[in-house]
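First the structure, in the form of structure tokens, and then the observations on it.
Number of protein chains: 2
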Amino acid sequence: MPKDRYYIDKDLKQGEVISIHGQEAAHMFIIMRKKRNEKVEIINGKGFLAKATVIDASKNSVNLNIENLEFVKEKKQKIILIQSIIKPDRLELILEKCTELGLDEFWLFKAVNTSEIHFSKSKLDRFNNLIIAATKQCGRLYLPKIKIFKSMEDLKDIHGQVFFGHTLKNSQKLIDSYDKNNENIYFIIGPESGFTNNEVNYLENNLKALPVKLNENILRSETAAISAITIISHLIGS
Amino acid sequence: MPKDRYYIDKDLKQGEVISIHGQEAAHMFIIMRKKRNEKVEIINGKGFLAKATVIDASKNSVNLNIENLEFVKEKKQKIILIQSIIKPDRLELILEKCTELGLDEFWLFKAVNTSEIHFSKSKLDRFNNLIIAATKQCGRLYLPKIKIFKSMEDLKDIHGQVFFGHTLKNSQKLIDSYDKNNENIYFIIGPESGFTNNEVNYLENNLKALPVKLNENILRSETAAISAITIISHLIGS
Chain A
1 MPKDRYYIDK
11 DLKQGEVISI
21 HGQEAAHMFI
31 IMRKKRNEKV
41 EIINGKGFLA
51 KATVIDASKN
61 SVNLNIENLE
71 FVKEKKQKII
81 LIQSIIKPDR
91 LELILEKCTE
101 LGLDEFWLFK
111 AVNTSEIHFS
121 KSKLDRFNNL
131 IIAATKQCGR
141 LYLPKIKIFK
151 SMEDLKDIHG
161 QVFFGHTLKN
171 SQKLIDSYDK
181 NNENIYFIIG
191 PESGFTNNEV
201 NYLENNLKAL
211 PVKLNENILR
221 SETAAISAIT
231 IISHLIGS
Chain B
1001 MPKDRYYIDK
1011 DLKQGEVISI
1021 HGQEAAHMFI
1031 IMRKKRNEKV
1041 EIINGKGFLA
1051 KATVIDASKN
1061 SVNLNIENLE
1071 FVKEKKQKII
1081 LIQSIIKPDR
1091 LELILEKCTE
1101 LGLDEFWLFK
1111 AVNTSEIHFS
1121 KSKLDRFNNL
1131 IIAATKQCGR
1141 LYLPKIKIFK
1151 SMEDLKDIHG
1161 QVFFGHTLKN
1171 SQKLIDSYDK
1181 NNENIYFIIG
1191 PESGFTNNEV
1201 NYLENNLKAL
1211 PVKLNENILR
1221 SETAAISAIT
1231 IISHLIGS
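So the sequences go chain by chain: A and B.
Once you know that position 33 of the first sequence is 33 in the numbering used here, the rest is easy, because the numbers rise by one and skip nothing.
Here the numbering used here = 1-based position in the second sequence + 1000.
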């Protein structure tokens, strides 16, 4: 785990002084006890990694001098999880684990068998804090994006290979269906009670999604999501 | 998810009457409201799947008649996770998810950087209930085994290919190191703060374990465990 890494939603420039407020400042001052002249790392979730020195710190704000700045280009081939909405605690597990595993975008959508789509402001803040924490911890420099769709028919702008998890014993394995030359890789995961027949038709005919098998056992929705992203990341990784 | 599947730690024989007590009986009677003549499935975690009919049910015991019994042989090539002990909530996530993903044996051991090894009776019961629930849910017929070892030097009877997660950028990927002809597949996962140099030496020289990469990012201990078992199960699966 990268030590002493903090997140700020700002542009970063070498030689500049930045001020961190809110939770990250409190964490830096109260928990990590950062003092004048100590070195920390700052990321902004947009590819920048700054080495910075604390100028002064309090529980409300920390001022830092950016001494060194690196930039890493965003990868071209994106991994996108298209996850039907499930119970919040299981959705949070997906957000945390798939951020670690290198997912680029979470698309959440309401499947026919999904009961609820409304997320409160505090729930969305919690989702955001989870992916920031996982981003800092796993060393990645880009924050994954979250998009919310009202239904399967609202899913647009898909460019690449599309899969969905299928429980039929004779589906091909993901590893045997994956084509590394595609633009992006999309994996669609259904709710606990599965897709309806109409949804499966829409997936196959409209979204050109391939049914694939992840495991011999029947996986829960969140386990299937984590498995799919694990395997795709492992296949894409160098 | 297989519906109406229950677990009993007993031998099952076709045509016999069995009695289920405790939690499983309460679940069957109170939550699932099973009544006389209803059909359920019973597993014993040893390869047997019974179709049974309720004779009578109360919250303390349910009597069933076993009408049909199937037996599936245990697979020859086992997947064994050798997991250093980490915080209980994260260990529970590993137990639940890796049971779903087809893990055969959990070996827990105290690494040098593991602080605690003692598990109370109630904690071990909780572990056991978690793997029973996951076993019923994912459709597998064998309950995974849990073994506890005092240290890395206590790990014995290893027959097959052994891997451990390594964060070095130049380690080979698991998929490129995996040899499907091995007897069993073992994956060793370190604690959050990693293995000591002595432990890495012991892994490589005494246990003949191969360092492999699971992901480009730095994974938490439990994410690494779930990833490793996801990939191995996917590679072994038909």
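Beta carbons are placed, not taken as given, at the ideal position from N, Cα and C, and that holds for glycine.
Just so we're clear, the structure is a prediction, and the values are computed from it rather than from any experiment.
Buried/exposed call for residue i, threshold 16 Cβ in 10 Å
i	result
glutamine 1137(B)	buried
lysine 1150(B)	exposed
histidine 1166(B)	buried
isoleucine 1031(B)	exposed
aspartate 179(A)	exposed
lysine 1076(B)	exposed
proline 1144(B)	buried
serine 120(A)	exposed
serine 227(A)	buried
arginine 36(A)	exposed
leucine 124(A)	exposed
valine 1212(B)	buried
lysine 97(A)	buried
aspartate 1104(B)	buried
lysine 1156(B)	exposed
lysine 39(A)	exposed
Cβ-based neighbour list, residue i, same chain, cut-off 7 Å, excluding 5 preceding and 5 following
i	result
threonine 230(A)	Leu101
glutamate 1216(B)	none
glycine 1160(B)	Asn1182, Glu1183, Asn1184, Ile1185 and Tyr1186
valine 112(A)	Thr196 and Glu199
glutamate 67(A)	Lys51, Ala52 and Thr53
isoleucine 1008(B)	Ile1018, Ile1020, Glu1024, Ile1042 and Asn1044
serine 1193(B)	Asn1113
methionine 152(A)	Phe109, Ala111, Glu199 and Tyr202
Where residue i sits in the DSSP three-state scheme
i	result
aspartate 1005(B)	Reading the sequence as shown, one finds arginine at residue 1005(B) and not aspartate. Three-state DSSP puts arginine 1005(B) in a strand.
leucine 1108(B)	strand
histidine 118(A)	coil
aspartate 11(A)	coil
asparagine 113(A)	coil
leucine 1103(B)	coil
serine 1233(B)	helix
leucine 141(A)	coil
6 Å CB neighbourhood of residue i in its chain, flanking five on each side removed
i	result
leucine 203(A)	Phe164 and Ala209
glycine 1022(B)	none
serine 233(A)	Leu101 and Gly102
alanine 134(A)	Glu96, Thr99 and Glu100
Neighbourhood of residue i by C-beta, 8 Å cutoff - its chain only, sequence neighbours within 5 removed
i	result
glycine 1047(B)	Phe1071, Val1072, Lys1073, Glu1074, Leu1141 and Tyr1142
leucine 1235(B)	Ile1175, Tyr1178 and Lys1180
serine 1171(B)	Pro1211, Val1212 and Lys1213
asparagine 1128(B)	Ile1146
> Does the region 1081-1096 of chain B come within contact of the region 1187-1200 of chain B, defined as at least 3 CB pairs closer than 8 Å?
Replying inline: yes
> Are three or more beta carbon pairs between the region 1058-1076 of chain B and the region 1211-1221 of chain B nearer than 8 Å?
Replying inline: no
>> Quick check for students: name the residue ranges of the alpha helix (DSSP H) that lie wholly in the region 143-227 of chain A, counting only runs of 4 or more.
In response: 174-177 and 197-205
>> Going residue by residue through the region 13-97 of chain A, where are the continuous beta strand (DSSP E) segments of at least 3 residues, counting only ones entirely within it?
In response: 17-21, 39-43, 48-57, 61-71 and 79-84
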